[in-house]
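Residue numbers (this note's numbering): 4 to 180. Yeah, the Cβ is synthetic: ideal placement off N, Cα and C, and Gly gets one too. Fair warning: this is a prediction, and the values are worked out from it, not measured in the lab.
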Amino acid sequence: MTDTVVVNASPAAAGWRFKLGILIFVTAFALWLLVPLAVAAGASSARVAAMTGAIFVANKVLVLACIAIMGKAGFQQLKSLVFGYAKGLGASGPIGPVRHVVGLVMFCLPLISAMLEPYVDSIWPGLRPNLWQAQALGDLMLVASFFVLGGDFWNKVRALFVRTATVVDARGAAELS
Numbered sequence: 004m005t006d007t008v009v010v011n012a013s014p015a016a017a018g019w020r021f022k023l024g025i026l027i028f029v030t031a032f033a034l035w036l037l038v039p040l041a042v043a044a045g046a047s048s049a050r051v052a053a054m055t056g057a058i059f060v061a062n063k064v065l066v067l068a069c070i071a072i073m074g075k076a077g078f079q080q081l082k083s084l085v086f087g088y089a090k091g092l093g094a095s096g097p098i099g100p101v102r103h104v105v106g107l108v109m110f111c112l113p114l115i116s117a118m119l120e121p122y123v124d125s126i127w128p129g130l131r132p133n134l135w136q137a138q139a140l141g142d143l144m145l146v147a148s149f150f151v152l153g154g155d156f157w158n159k160v161r162a163l164f165v166r167t168a169t170v171v172d173a174r175g176a177a178e179l180s
């Protein structure tokens, strides 16, 4: 079962409140760009840590202000604009076995690599190159794996956090029938 949100775009939603809400929403996330700029400018680690904490709190406050200004209907419309594109990227039905294996490798490889990284560094220092590009590639691979594995995989992951979720194997149900 998928969650569906139906939003009626009213003329008021496209007014000044909606535009101001978009500006606040973009500002809330654009503040994170200050952290790498502070590091590049040579700010102390204590100052960067304090800035990160302040931006974290400011981000939450700005998103709440965005919701308050736009109203529920306007924020639902904004969410559908921002996240609506991502929904169409993943497969909504079952995927083939090859795609499933490729997606699982893409999902597990960055996680296993990240778990083993501290141990490899302590056992054999200098073996692993400390490149941020390789770490970013791992993060990108993990995110891309959700699109390769499709929407059914995301529903399975989400079911891990639902206490009353149960497993129903389609093959087992077909064999019992």
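Check: Do you know offhand how far P191's Cα is from V160's?
Finding: Residue 191 is absent from the structure shown; the chain starts at 4 and stops at 180.
Margin query: Let me check understanding here. Comparing Cα to Cα, which of A173, K63, D142, P100 lies closest to C111?
Written below: Here the question's residue 111 lines up with position 108 in the sequence shown. Nearest of A173, K63, D142, P100 to C111, Cα basis: D142.
Next item on the list: Answer with buried or exposed for Q80, where buried requires no fewer than 16 other C-beta atoms within 10 angstroms of its C-beta.
Entry: Working through the sequence shown from its first residue, we reach residue 80 at position 77. It is buried - the Cβ of Q80 has at least 16 other Cβ atoms within 10 Å.
Note to self: Tell me which residue opens and which closes the alpha helix (DSSP H) that W19 is part of.
What the structure shows: Mapped onto the sequence shown, residue 19 falls at position 16. Element bounds for W19: 19-33.
Note to self: What does the alpha-carbon distance come out to for the pair V51 and F59?
What the structure shows: By 1-based counting over the sequence shown, the position of residue 51 is 48. By 1-based counting over the sequence shown, the position of residue 59 is 56. Going by the C-alpha atoms only, they are around 12 Å apart.
Notebook entry, point to check: Where F150 and G77 are concerned, what is the direct C-alpha to C-alpha distance, given to the nearest angstrom?
Noted result: As a first step, residue 150 must be located in the sequence shown, where it is residue number 147. As a first step, residue 77 must be located in the sequence shown, where it is residue number 74. Rounded to whole angstroms, F150 to G77 spans 28 Å at the Cα level.
Check: In chain order, which alpha helix (DSSP H) runs of at least 4 residues are fully inside the stretch 32-110?
Finding: 37-43, 48-90
Note to self: Between the alpha carbons of A117 and V108, how many angstroms are there, rounded?
What the structure shows: On the sequence shown, position 114 is the one that residue 117 refers to. On the sequence shown, position 105 is the one that residue 108 refers to. Using only the alpha carbons, I get a separation of about 14 Å.
Item checked: Opening and closing residue of the alpha helix (DSSP H) in which D172 lies -> Position 169 of the sequence shown, counting from 1, holds the residue named residue 172. No alpha helix (DSSP H) contains D172, which DSSP labels as neither H nor E.
Next item on the list: State the DSSP-derived secondary structure class of W127, mapped to helix, strand or coil.
Entry: Within the sequence shown, residue 127 is the residue found at index 124, counting from 1. Here W127 sits in coil by DSSP.
Check: So which of M73, P100, A43 has the shortest CA-CA distance to L23?
Finding: The count along the sequence shown starts at 1 and reaches residue 23 at position 20. Nearest C-alpha to L23: M73.
Next item on the list: Look up F164 in the DSSP assignment and say whether it is helix, strand or coil.
Entry: Along the sequence shown, read from residue 1 onward, the residue named residue 164 stands at position 161. Note: F164 maps to coil in three-state DSSP.
Next item on the list: Answer yes or no: the CB of M73 versus the heavy atoms of the ligand ATP, is any distance below 6 Å?
Entry: Absent from the structure shown: the ligand ATP. Ligands present: none.
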